[in-house]
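> Chains as they are written, first to last, in our numbering: chain Y, 1 to 285; chain G, 1001 to 1346; chain H, 2001 to 2288.
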Amino acid sequence: MAIVVAHSSSATVARATRHFPIGRWVLNGVAGVGLGFILLPLLLVTWLAFFRQEIPSFPPAGHSLQWFGAVLNNKSFVGGFLLSFQVGVTATLIGLALAVPASLAIARRRFRGRGFIDTLLLLPLIVPGVVLGASIYVFQIETEIATGLPLLGTTMGLIAAHALIVIPWATRLVTASLAGFDPTIEEAAKNLGAPPWTTFRRVTLPAIRPGIVAAALFGFVTSFGNLEMSLFLVGAGRTTLPIAILQYLEWKIDPTVAAVSVMQIALIGTAMIITDRYVKIAQVV
Amino acid sequence: MARLELIDLSKRYGEHAAVAGVTLDVADGEFLVLLGPSGCGKTTTLRMIAGLVEPSDGRTQIGGTDVTYLPPWRRNTGMVFQSYALFPHMTVAENVAFGLEMRKLAKAEIEVRAREALRLVRLEAFAGRLPRQLSGGQQQRVALARALAIRPDVLLLDEPLSNLDAKLREEVRIEIRELQGQLGLTTIMVTHDQEEALTVADRLVVMAEGEIRQIGSQRDLYERPADRFVAGFVGRSTFLDGRVTGPGEFETAGGLQLKCRDGAPGAAALVLRPERLHLGGANMDNRVPGKVEFVSYLGPVLELHVRLSPADRVLVQLPNRGDAAPAVGDEIELTWHRDAGMVFAE
Amino acid sequence: MIARQRTHLTAAGLVGPATLYVGIGILLPLAILFRYSLNQFVPGKFMVDALTVENYVKFFTDIYYYSVLTRTVRIALITTLICLVTGFPLAYVLARTRSRHKNLLIMLVVLPLFVGNAVRAAGWMVAFGNKGVINASLMGIGALSQPLEIMFTEAAVIVGITAVNLPFMVLTLQSVIEGIDRSVEEAAFNLGATPPQMARRILLPLAMPGVLAGTILTFILSMNAYATPVLLGGPRFQMMGPLVYNQFIQQNNWPFGGAIAFILMAATLLLTLAANLMVQQRYRTAET
Ligand SMILES: Nc1ncnc2c1ncn2[C@@H]1O[C@H](COP(=O)(O)OP(=O)(O)O)[C@@H](O)[C@H]1O
Ligand SMILES: [Mg+2]
């Protein structure tokens, strides 16, 4: 049999033209509109923060950075930020301290009630924010009555409630990172002579560190941004940043509140970019 | 059923050319096998024929019609994917009927043709099952039936047997070949398994780095490989580095003077097929003493690694005739005909 | 036997604190709240211990409160549907893109989630006001002589809630679509299916678990929206979330507030369950 390399048959029609992939463009277009819709409010509020005039009328009379300074003179924004930050960090630490051991047990051990506990720990995410706030509100009142200790409206009370909403994220993310971790690696470490605690510290912990970092970020951001539940629990004159923004917006919208929003967007965006270096956010959400 | 022509077909991903100027003419009813190492562009070539990848350059013609830029749903190719790509939410029958529904055939005809396709692959009894309720071999056959049901102009098989165990592979590849013959389908099958390629193909195409290296029959590829790559890829060989010193003369790096086929003078590799080397045969052009360094007993054949010089070691396959086999450390004499030595310039 | 017990003990030690914390922190409060909802509210005397369903009866017999529930359900259904329809293409593109910027694109979807609802509502306020972007542009090109009333309308609330929930829908769908073998879509094209046919016959049924999960999630979130209706709907626009808050904090009517909270949870749960059943019936074969 001969080695035949084909020749082009001359009988065929002129070269067909490349078709314009309309379908793909329509699809990308619709997706772009969707993404734009998600981002539009953030873009608009960012724009407003740089207006020169105080009244949000369009088009702007000019641009200015003055409102970022105005934010720092606003007591409820500064106080709100400090409280939110304090509550967020503390609640995240408490939530992680509770959730990481629980995740280890859920991912690795087989015990009775495991499924139930797994679901229970997700509950703070499932129960709607207003219902959660209302029920913790009455719970804290009952606890005050029973013990005589002040709870409602205190930073302690707020932190205790926020730790609750950190737990589901932390459990989910740490469990997920453990699921992708081959337990025979731990066995290998033990086989090489490492006692359990050393195995955990030198082998398991580094492996789940990305999960813990992600859990810390998501926990903090959830707490920092929480509005509905906190509304019930803050004391008079002591509000978190989201509540301060909400109350300001109920009264009026102006470049000052836009500027504080931009600062919040920047803070959270930075936190996300930093986290992304440890664990790809695309893979954990 | 139709003739398939690829004319200078190329696909570039950025700088990298996955397929670089493939030209190929597949006759109506021919069974062509694309053979080549992983990553050489076989799948990409197949996907360009199916229209799933748009070529960067060149043309595709099916039955004399230019289909280069036709979307996949307007060509009539039947593809069997490496992963089978069965629709997991449809029964076997629904999977097979899908292409017919897309062709807007009458319900009764769809049923007849789907059943017919399932009968061809002997799976009528499984029509109501979901893909995940089938074994790997059965899933493979459903994928085949689904592609056959639409009576494709060209059947495209992308490593269709690679997920099956060795025994099943042998059965199924013969089945595929028989079906293809019965239906007279123009077929391109991709594989990186030589034995598979050799059993079923009318013609083989060896690809490497996006290019066609050789087209020919099994015998062509084995006896007259076009280049060093094909010689190494098809069948087993020993490569000895050295130089062509004159017409039919080769000097190895270890200083052995050997007779071989003709080749251009200069640095080259001498390629020896292991079964063409003998122990002390008569009337041979080459006669080289050596020492056995390793012996494997493979049943029908024995394999020896024989050192001919400090720099040259060759693989030898001897038929197992039940005689006393050479042992490690034995001094032996290897002989071979000059035609057994193929040379390829570096 | 002994070794087994030790495993149990350490497992309990690991999981115990978190379990107790969540159990006491959520189940107990919910129980107390439910008990409150059976108490009586006597104006001037505040909450009086009782065991009555009158708060629940009041909600369903008073047309004002009842209409808040129907409005909330209506808005939740509409926003969920819009989220599904606009979220699917974006989720598909994100799932299938081979772009280097995929991670960035996904972060752009996640960022607004983290930023909080009040801030996003602020963005829409910039767009919707009398002198906002929309009115200013339309009047600027002469399409309008009088500004449109957009703020404090149901439409504004729907837009706001949709934008808030869209990322949840997109992320849920995206992760499910990523799990669908791309070659299955290609097989459909190869067998003659056009992209719309492929989407309807292959993609949608296979993505059904994601559609269901995303729909439930966004529906629950819509039902319970707070900041968006308060800011974009204005003080007179009532949905269930703000209603619970008002009864608790402004009216100090804890029993009624508690009852509304439980009605909200029950309604959410029931509608979710119903949707679940409907979809499962329709796509029985899609179950995997
Ligand atoms: N979508 C793609 N983007 C970038 N490179 C690709 C893509 N598809 C294939 N390639 C590259 O093209 C080459 C050929 O791939 P393929 O045709 O799948 O090889 P084969 O099937 O022979 O193993 C490989 O190097 C592969 O990495
Ligand atoms: Mg391949």
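Ideal Cβ positions, reconstructed from N, Cα and C, are used throughout, including at glycine.
#1: Beta carbon of residue 2298/H, beta carbon of residue 2241/H: below 8 Å?
#2: Does the beta carbon of residue 1043/G fall short of 7 Å from some heavy atom of ligand 2?
#3: List the residues of chain Y whose Cβ lies closer than 8 Å to the Cβ of residue 2086/H, in chain order.
#4: According to DSSP, is residue 2052/H part of a helix, a strand, or is it coil?
#5: What is the C-beta distance between residue 1245/G and residue 1309/G, in whole angstroms, given that I count them as a contact (C-beta under 8 Å)?
#6: In the stretch 134-145 of chain Y, which residues sit with their C-beta less than 7 Å from some C-beta in chain H, listed in chain order?
#7: Using only the alpha-carbon positions, how far apart do residue 2239/H and residue 130/Y sit?
#8: Please state whether DSSP places residue 1090/G in a helix, a strand or coil.
#9: For the candidate residues 2019/H, 2232/H and 2227/H, whose alpha-carbon lies nearest to that of residue 2245/H?
#10: Cβ of residue 1036/G versus every heavy atom of ligand 1: is any distance shorter than 7 Å?
#11: May I ask which residues mark the beginning and end of the beta strand (DSSP E) holding residue 1012/G?
#12: Given that residue 2017/H touches chain Y, what residues does it touch there, using C-beta distances under 9 Å?
#13: So residue 1020/G and residue 1211/G are supposed to be a Cβ contact under 8 Å. How far apart are they, rounded?
#14: Going by beta-carbon coordinates alone, are residue 1256/G and residue 1334/G separated by less than 8 Å?
#15: Kindly indicate the opening and closing residues of the alpha helix (DSSP H) around residue 276/Y.
#16: Determine the chain Y residues that contact residue 2224/H at a beta-carbon separation under 9 Å, and present them in chain order.
#17: Is residue 1159/G a contact residue of ligand 2, with contact defined as CB to any heavy atom under 7 Å?
#18: Whose Cβ in chain H lies nearer than 7 Å to the Cβ of residue 1073/G?
#19: On the DSSP letters alone, give me the boundaries of the beta strand (DSSP E) that residue 1191/G sits inside.
#20: The alpha helix (DSSP H) that contains residue 251/Y, what's its start and end?
#21: If the criterion is Cβ atoms closer than 8 Å, does the pair residue 1037/G and residue 1226/G meet it?
#22: Is there at least one non-hydrogen atom of ligand 1 closer than 7 Å to the beta-carbon of residue 1040/G?
#23: Hey, is residue 1018/G close to ligand 1, as in C-beta under 7 Å from one of its heavy atoms?
#24: By DSSP's criteria, residue 1334/G is part of a beta bridge. Which residues make up the other side?
#25: Which chain Y residues sit within Cβ distance under 9 Å of residue 2264/H?
#26: Going by C-alpha to C-alpha distance, which of 2070/H, 2093/H and 2187/H sits closest to residue 35/Y?
#27: Give me, in chain order, the residues of the same chain whose beta-carbon lies closer than 7 Å to that of residue 8/Y; leave out the 5 immediate sequence neighbours on both sides.
#28: For residue 2263/H versus residue 2051/H, is the C-beta distance shorter than 8 Å?
#29: Answer yes or no: does any C-beta atom of chain H fall closer than 8 Å to that of residue 1294/G?
#30: Is the Cβ of residue 2117/H closer than 8 Å to any Cβ of chain Y?
#31: How about residue 2123/H and residue 227/Y: are their beta carbons less than 8 Å apart?
#32: From the DSSP output, which residues share a beta bridge with residue 1060/G?
#33: Does the beta-carbon of residue 1089/G have 16 or more other beta-carbons within 10 angstroms, so that it is buried, or is it exposed?
#34: Which one of 1315/G, 1299/G and 1198/G has the shortest CA to CA distance from residue 1321/G?
#35: Alpha carbons only, please: which of 1149/G, 1239/G, 1238/G and 1194/G is nearest the one belonging to residue 1353/G?
Quick answer:
#1: Because chain H here runs from 2001 to 2288, residue 2298/H falls outside it and cannot be looked at.
#2: yes
#3: 30, 33, 34 and 37
#4: coil
#5: Not quite, the Cβ-Cβ distance comes to about 16 Å (not below 8 Å), so this is no contact.
#6: Per Cβ criterion, the list reads 134, 135, 136, 137, 138, 139 and 142.
#7: Their backbone Cα atoms lie some 12 Å apart in a straight line.
#8: coil
#9: It is 2227/H.
#10: Residue 1036/G: yes, Cβ under 7 Å from ligand 1.
#11: Unbroken beta strand (DSSP E) run through residue 1012/G: 1004-1013.
#12: 97, 98, 101 and 102
#13: 5 Å
#14: no
#15: 255-278
#16: Correct list: 128, 129, 130, 131 and 228.
#17: At least one heavy atom of ligand 2 lies less than 7 Å from the C-beta of residue 1159/G.
#18: 2189, 2192, 2193 and 2194
#19: 1186-1191
#20: 241-251
#21: When the beta-carbon positions are compared, residue 1037/G and residue 1226/G stay at least 8 Å from each other.
#22: yes
#23: Flag set: Cβ of residue 1018/G near ligand 1.
#24: 1279/G and 1288/G
#25: 128, 130 and 131
#26: 2093/H
#27: Confidence at residue 8/Y is low in this model, with a pLDDT of 39, below 50, so its placement is unreliable and the value that follows should be read with caution. So no residue of the chain qualifies.
#28: no
#29: no
#30: yes
#31: no
#32: 1006/G
#33: buried
#34: 1299/G
#35: Given a span of 1001 to 1346 for chain G in the structure shown, any question on residue 1353/G remains unanswerable.
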